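Comments concern the structure below.
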Amino acid sequence: MLQRLTIPVTAFEQNCSLVWCDETGDAALIDPGGDIPVLEQAVRERSLTLKAIWLTHAHIDHAGATGTLARVHHLPIIGPHPGDQFWIDGLPKQSQMFGFPQAETFKPTQWLKDGDEVRIGNSTLQVIHCPGHTPGHVVFFDPQARHAYVGDVLFAGSIGRTDFPGGNHADLIHAIKHKLLPLGDDITFTPGHGPESTFGEERLSNPFL
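If you count the sequence shown from 1, you need to add 890 to reach this note's numbering.
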C-alpha cells in the first residue's frame, strides 16, 4: 500500500506529497516546489529511498525545486504532460517574478499522457490528463488507496485558476466532471493547496461545479 505525507512548501503553502511503498521503502516526491532541506529531512526521518519526482504541472510553486533535486539526487523527473513545456522553460523567470529561489530548468525524463501509469515500489498509479489550469496538467490516481493527487485542478470548495497563460475554464470543468468525479464519491484527494476532501463532497457542495 502506498503511504503519503503532505508537506506544505514555499510561501504559497503548496502541498508537496511524499509518497512511499510501505513494502519496499521506495519513495517519490509529487510537486516539490521548494524548501529542499525540509523535503530531504522528511525522506531521511522515514529511512526511505527517493526514486523519482512526479509533477502534476510546472508552475513555480509546484516545480521550483525539481531541477535541483533531480541533479543532486540523480532522480528521474516524471511528468507533466508536454503541454507544460513553456512553463518549464519559464521557471527562472517565474522564480524572479514571485520571489522564489532561482529555479533550475530541466527536461523531464518522461513526459506523461492520459492513460499512462507511474510506479513506485509495488504501487501503480494511473495518470489522468486534466488540462485547464495549465495545458499539461496531470492527476495521479491510486486505485488501491482510492486517493488522487490533483494538483491545482480541484480544491476543497474551489477549483483551479484558469486566467494564467494556457488556461481554459471549459477544459478544467470538463476534466473535473468527466474524468475525476466519475472515479467515485469515496475518492479522497490531496489538492495543491489547502485541506484534503472527497470527490463526493465536492460534487455535492463545491459552488464552482
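Glycine is no exception: its CB is placed at the ideal position from the N, C-alpha and C atoms. Model, not experiment: these values are computed from the prediction.
Within 10 Å of its beta-carbon, does residue i have 16 or more other beta-carbons around it, so buried, or fewer, so exposed?
i	result
LYS941	buried
LEU1094	exposed
VAL962	exposed
PHE1089	buried
HIS964	exposed
Among residues of its own chain, excluding the 5 on either side of residue i, which ones have a beta-carbon nearer than 7 angstroms to its beta-carbon?
i	result
ILE926	ALA955, THR958, LEU959
THR842	Look at the range of the chain in this structure, 891 to 1099, and you will see that residue 842 is not part of it.
PRO1081	ASN905, VAL1040, LEU1044, PHE1045, ALA1046
Since residue i and residue j are thought to touch, with beta carbons under 8 angstroms apart, how far apart are those beta carbons, to the nearest angstrom?
i	j	result
PHE1030	VAL1008	6 angstroms
ILE1077	LEU1044	Contact flag wrong, Cβ pair sits at about 11 angstroms.
PRO966	GLN1000	7 angstroms
HIS1104	ASP974	With the chain covering only 891 through 1099, there is no way to say anything about residue 1104.
GLY1011	PRO972	Contact doesn't hold; Cβ gap of about 27 angstroms is too wide.
LEU981	ALA953	6 angstroms
Is there a C-beta anywhere in chain B that falls below 8 angstroms from the one on residue i?
i	result
GLU994	Within the model displayed, chain B is absent; a lone protein chain is all it includes.
Start and end of the alpha helix (DSSP H) containing residue i?
i	result
ARG934	926-935
ALA917	Note, ALA917: premise wrong, no alpha helix (DSSP H); beta strand (DSSP E) at 916-920.
ASP862	Outside the displayed span of the chain (891 to 1099) sits residue 862, for which this structure offers no information.
ILE1077	Neither: ILE1077 is in no alpha helix (DSSP H) and is coded neither H nor E.
LEU1062	1059-1065
LEU1099	Run containing LEU1099: none; DSSP gives neither H nor E here.
Taking the continuous beta strand (DSSP E) assigned at residue i, which residues delimit it?
i	result
ARG894	892-899
ALA942	939-944
ILE1018	1013-1019
LEU1073	Per DSSP, LEU1073 belongs to no beta strand (DSSP E) and is neither H nor E.
I'd like the list of long-range same chain contacts for residue i, defined as Cβ closer than 6 angstroms, with 5 residues on each side in sequence excluded.
i	result
SER1087	ALA1046
GLY969	TRP944, LEU945, LEU1002, VAL1028
> Taking the runs of the beta strand (DSSP E) that are 3 residues or longer, which of them lie wholly in the region 957-1011?
Replying inline: Segments of the beta strand (DSSP E) lying fully in the region 957-1011: 1007-1010.
>> List, from N- to C-terminal side, the beta strand (DSSP E) runs of 3 residues or more that fit wholly inside the region 1027-1055.
In response: Counting whole runs of 3 or more residues, the region 1027-1055 contains the beta strand (DSSP E) stretches 1028-1032, 1037-1041.
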